[in-house]
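Visitor: Each residue of the sequence shown is one higher than the one before, starting from 2 at the first, in our numbering.
First, the structure itself, so that you have it in front of you.
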Amino acid sequence: MTLRHRVHKVIYVPLDDRACNVKHVRFLAQMVDYDLAVPPLELLGGFTTPGQPEALWEWLLSEVKAGADAAVISLDMLVYGGLVASRSPQTRAQLALQRLDLLSELRRLAPELPVLASNVVMRLATTSPGDQATASLALLRRYSELSGLVEELGKATHRRELEKVRRRLPADLLGQYLACRERNHQVNLRALAETAAGNLDYLALVQEDAGPYGPHTSEQRAILRVVEEQRLGEKVSLHPGVDQVGAQLFARFVHQHMEKVPRVFVLPSNAGHLKNIPPLEDRPFADTLAAKVKLIGGEQASGPDFADLVLAVNAPLRRDRAYYGAAPNRAARAQRMAQFARGISELGHPGTAVCDAAYPDGADEAFVSALFAEGIWPLGLLSFAACGTAGDSAAAALAQGTLRLIALQDKGAFDLANVVVSLTPLRYLELLNSLIDSEKAHVSLLFHRLVDDWLYQARVRPGVIQGLVDMIRTSRADLTAIFPHTESLVREELTRAAADLWIERFLGRPSVSIGPSNARSWLMLAELEETRVRLPWRRLLETDLDFEFGVQLVAAGEDSRSASR
């Protein structure tokens, strides 16, 4: 039974099969009680195994015929078979463009269906199987940076280094990379044409791992020229951050459909650090933040008093994690984070979300420790994210945070209905179950983010990597068995750490109050019953987590510890 006047269905074709693109978006849909139609996972492929574009198009068009409120689609998946496949020369340009012809068929089948699409501007390296390509990726990235420097600055020193790097690169690898770039650029230009023709209602072009210089800058300029010429400024965005684009487009549709424009105030740890260009990105973080707020359908507020959501941003640093973790700098960093956490606590905004963008690939230990020491509890936040790049962290925090606001408004409407409307017992239980499902989805995603972004990326993963290095160095590792051993080690360490976090910060605490003031109950979090951990792409960069936990509805007064204690 839905909380809404009818079931709302969104067709969703993700960028790939990773949790950030499938499982987490499902949580977002459950939070706002939307039905998310996702293709069978076997059609999405995995890592270097491409998805199946023809079968995915067939599935998509079938879902469109069945009816929906919107479609959120990754063109990379529908054209190449996913993100990693988009860096491969396997799909020829002609076939890639032919697959986009089906957008007109989609529009013919559903003339009024909102279609929100994403596509990637290629990173500064390719993905090809084999040791040769792996060994050459750093050279390929340097070649890309130097080619951009030569184009932008024209210095002789850059030209000489570029030529040296070119001679060291295998000619076939370089040729494949340049061909992929040109093909992908043509696909992006075609996507703009489809937007101008009305086959796409919105197009988010997202820049994968790059820097201030490289061939992507000239591609971006060409894209922006078309946007200006075709007057597509309100229908197209271009900014860094790939992994959370599906979540953001889903949030954008929900906000538009419900006629909401969330107002976001950015509270930075250091205003000057918002001007920093984060690792793997190509522009100051302040520009990326503004683009991410706009992408979800929001607007920036001039102050916290005018904001629905305060985004507390641990801003990107100029130096890496090792520098601030070293003994001479650790105490000063901890002190600065304690001051920032105190500022967040003293502001006391009821709609606070946290974006930890200090470092790529994981949370800042000093910041998370400071939040907890200041008495800021996870359940008192709308969201927390410290994933991938700085742009990814902002996107994840904004998507969950703004949709959490809608979920809380749904809960408020339920409370009001209990006062002004006589609900039948059956209808009451149906609505209550929907609210509990929404709350469990929010808590699940919040816990996922803390376990993955903080416990795994910042704590468990570095230790596992060092242990593997030591084993290989001392010749104690059987390389044929290293992955099962590694996954088992990660599972053991992360399961234990997740259990401790649940006991310390979640167990027995109220997630939300339900019901009118004279008959209020708390939804309390019970035991963490099961934890499942996988390394889905057989590497250490990402995890796939599943948690099972119980909830209890407790009458106010029995055990109503504040969620923000």
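Backbone N, C-alpha and C define an ideal beta-carbon position, used for all residues, glycine too.
Quick one, which of 71, 344, 320, 67 has its alpha-carbon nearest residue 377's?
Guide: Among 71, 344, 320, 67, the Cα nearest to that of residue 377 belongs to 344.
Visitor: Assuming residue 263 contacts residue 403 under a Cβ cut-off of 8 Å, what Cβ separation, rounded to an integer in Å, is found between them?
Guide: That pair is a contact at about 4 Å.
Visitor: Report back the beta-carbon spacing between residue 342 and residue 371 to the nearest angstrom; my notes put them in contact at under 8 Å.
Guide: About 4 Å separates the two Cβ atoms, so the contact holds.
Visitor: Any idea if residue 101 is buried or exposed, counting beta-carbon neighbours within 10 angstroms, 16 or more meaning buried?
Guide: By the 10 Å Cβ count, residue 101 comes out buried.
Visitor: Leaving out five residues on either side along the sequence, give the residues of the same chain with a beta carbon under 7 Å from the beta carbon of residue 105.
Guide: Excluding residues within five positions, the ones whose Cβ falls inside 7 Å are 200.
Visitor: If you compare alpha carbons, which of 511, 405, 273, 176 is closest to residue 319?
Guide: Checked all of 511, 405, 273, 176; the closest Cα to residue 319 is 273.
Visitor: Taking buried to mean at least 16 other C-beta atoms within 10 Å of its own C-beta, is residue 439 buried or exposed?
Guide: By the neighbour-count rule (16 or more Cβ atoms within 10 Å), residue 439 is buried.
Visitor: Below 7 Å CB to CB, which residues in the same chain sit around residue 561 once its five sequence neighbours on both sides are set aside?
Guide: Bear in mind that a pLDDT of 44 at residue 561, under 50, signals an unreliable position, so the number given afterwards is only what the model happens to contain. Closer than 7 Å at the Cβ level, and outside the excluded window around residue 561, lie 511, 523.
Visitor: How close, in whole Å, do the beta carbons of residue 268 and residue 311 come, if the pair is a contact with beta carbons under 8 Å?
Guide: 5 Å between Cβ atoms; contact.
Visitor: Give the straight-line distance between the Cα atoms of residue 444 and residue 36, rounded to the nearest whole angstrom.
Guide: C-alpha separation (whole angstroms): 19 Å.
Visitor: Ordered along the chain, which non-local residues of its own chain (more than five positions away) have a Cβ less than 6 Å from that of residue 545?
Guide: Cβ neighbours of residue 545 beyond the five flanking positions: 20, 535, 537.
Visitor: Just how far apart, CA to CA, sit residue 388 and residue 399?
Guide: Distance between the alpha carbons of residue 388 and residue 399 is about 13 Å.
Visitor: Helix, strand or coil for residue 565? Go by DSSP, reduced to three states.
Guide: With a pLDDT of 36 at residue 565, under the threshold of 50, the modelled position of that residue is not reliable, and no figure is offered here.
Visitor: Return the chain-ordered ranges of every beta strand (DSSP E) run that is complete within the stretch 270-353 and spans a minimum of 3 residues.
Guide: With a minimum length of 3 residues, the continuous beta strand (DSSP E) runs that stay inside the stretch 270-353 are 310-315.
Visitor: Is residue 456 near the ligand HEM, judged by its Cβ being under 7 Å from some heavy atom?
Guide: In the structure on display, the ligand HEM does not appear, and there are no ligands present to speak of.
Visitor: Apart from the five residues on each side of it in sequence, which residues of its chain come closer than 7 Å, Cβ to Cβ, to residue 405?
Guide: Hits under 7 Å: 32, 383, 384, 443.
Visitor: How big is the Cα-Cα spacing for residue 555 and residue 236?
Guide: Roughly 47 Å separates the two Cα atoms.
Visitor: Can you list the beta strand (DSSP E) stretches of 3 or more residues lying completely in the stretch 370-426, in chain order?
Guide: Those beta strand (DSSP E) runs which fall completely within the stretch 370-426 and span 3+ residues are 384-386.
Visitor: Report the rounded CA-to-CA distance for residue 565 versus residue 379, giving the unit in angstroms.
Guide: The pLDDT assigned to residue 565 is 36, lower than 50, so where the model puts this residue is not dependable, and the model offers no usable value.
Visitor: I want to know whether the stretch 501-510 touches the stretch 427-436 - three or more CB-CB distances under 8 Å.
Guide: No contact exists between the stretch 501-510 and the stretch 427-436.
Visitor: With residue 551 as the anchor, note down where its beta strand (DSSP E) starts and where it stops.
Guide: Residue 551 -> beta strand (DSSP E) spans 545-556.
Visitor: Give me, in chain order, the residues of the same chain whose beta-carbon lies closer than 6 Å to that of residue 563; leave out the 5 immediate sequence neighbours on both sides.
Guide: For residue 563, the predicted structure reports a pLDDT of 41, less than 50, and the residue's modelled location is therefore unreliable. The matter cannot be settled from this model.
Visitor: So is residue 450 buried or exposed if we call it buried at 16+ other beta carbons inside 10 Å?
Guide: Residue 450 is buried by the Cβ-count criterion.
Visitor: So within the stretch 40-121, which uninterrupted beta strand (DSSP E) runs reach at least 3 residues, ignoring any that extend past its ends?
Guide: Fully enclosed beta strand (DSSP E) runs of 3 or longer: 71-75.
Visitor: Determine the direct distance from the alpha carbon of residue 530 to that of residue 553, and round the result to whole angstroms.
Guide: About 14 Å.
Visitor: Rounded to the nearest angstrom, how far is the Cβ of residue 292 from that of residue 29, given a contact under 8 Å?
Guide: About 20 Å; that fails the 8 Å criterion.
Visitor: Would you call the stretch 457-465 in contact with the stretch 358-370, where contact means no fewer than 3 C-beta pairs closer than 8 Å?
Guide: Yes, they touch.
Visitor: Skipping 5 residues on each side, what residues in its chain have a beta carbon closer than 7 Å to that of residue 146?
Guide: Correct list, in chain order: 125, 212, 214, 215.
Visitor: Quickly, what does DSSP pair residue 525 with across the bridge? List them, please.
Guide: Residue 525 is bridged to 511, 553.
Visitor: Just to confirm the assignment, what range does the beta strand (DSSP E) spanning residue 8 have?
Guide: Where residue 8 is concerned, there is no enclosing beta strand (DSSP E), given that its DSSP letter is neither H nor E.
Visitor: Which residues in the same chain as residue 316 place their Cβ atom closer than 6 Å to its Cβ, once the five residues preceding and following it in sequence are excluded?
Guide: Result list for residue 316: 269, 270, 271, 274, 275, in chain order.
Visitor: From residue 496 to residue 369, what does the alpha carbon distance come to, in whole angstroms?
Guide: Residue 496 and residue 369: Cα-Cα distance of roughly 19 Å.
Visitor: Determine whether the beta carbon atoms of residue 76 and residue 118 lie at a separation below 8 Å.
Guide: In this structure, residue 118 lies closer than 8 Å to residue 76 by Cβ.
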